[in-house]
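In the numbering used here, the protein residues as written are 255 to 498.
Glycine is no exception: its CB is placed at the ideal position from the N, C-alpha and C atoms.
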């Protein structure tokens, strides 16, 4: 059932795990007191409706005290569990901006890159994230890794892990200086390595409106998918998304 009338207040978020950062599903209460609802939308620009999901919520539910209310036509809201244990709920562009501005604190958590790659709708970022072994293991085992298996300083050596992280940060448009600060290299070393491994020239998708060329080519069907991480454990769903 999709509700299109009235206002909805955020009452909490459902996260895939409660011991590591990640995208979460905002959960809403209708102004008449009925709960719980999630957003229904086609694209991330606006809410098309609210889907009633019942009187209880499973998974890792975190209560949120908020005075914000939303309705059809408002920007889609995205929840995020932060490294310090706090929560953030905002529109998807602000969440992506926060992720970019606070890159260093998210590097130890590989699954964040996969989630944000899907939300940014950047095909290169999605496939770079999917190529990370910890993420492939998570998809295969239905388990989200909390941190990188060997998250150590590179001390000037380009390890396979460091190259992977370079590729991910590059796809998310971090500058050479930002990447160098995170990985422990100089700006010139980062740019030189990016050139040697032939990373592509970049145009910011937030400015260009970059979308997948074909959803079907990249594993998505026209019926829709649950945003976040292919819904690994049935809880990580910013909302129900439809294509076509």
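Beta-bridge pairing by DSSP links residue 451 to no other residue. Exclusion of the five residues before and after residue 412 leaves 447 as the residues of its chain whose Cβ lies within less than 7 Å of its Cβ.
In this structure, DSSP gives residue 326 a state outside helix and strand, which the three-state scheme calls coil. In the structure shown, residue 305 falls within a strand segment according to DSSP collapsed to helix, strand and coil.
Under the DSSP assignment, residue 312 falls outside any alpha helix (DSSP H); it carries neither an H nor an E label. Closest by C-alpha distance to residue 417, out of 429, 451, 431, 428, is 451. For the 7 Å CB-CB criterion, residue 318 and residue 266 form a contact. Where residue 331 is concerned, there is no enclosing alpha helix (DSSP H), although the beta strand (DSSP E) around it starts and stops at 331–335.
If the five residues before and after residue 437 are omitted, its C-beta is found closer than 7 Å to the C-beta atoms of 408, 416, 419, 420, all from its own chain and listed in chain order. Around residue 440, the same chain offers 434 as residues with beta carbons nearer than 6 Å, after the five sequence neighbours per side are excluded.
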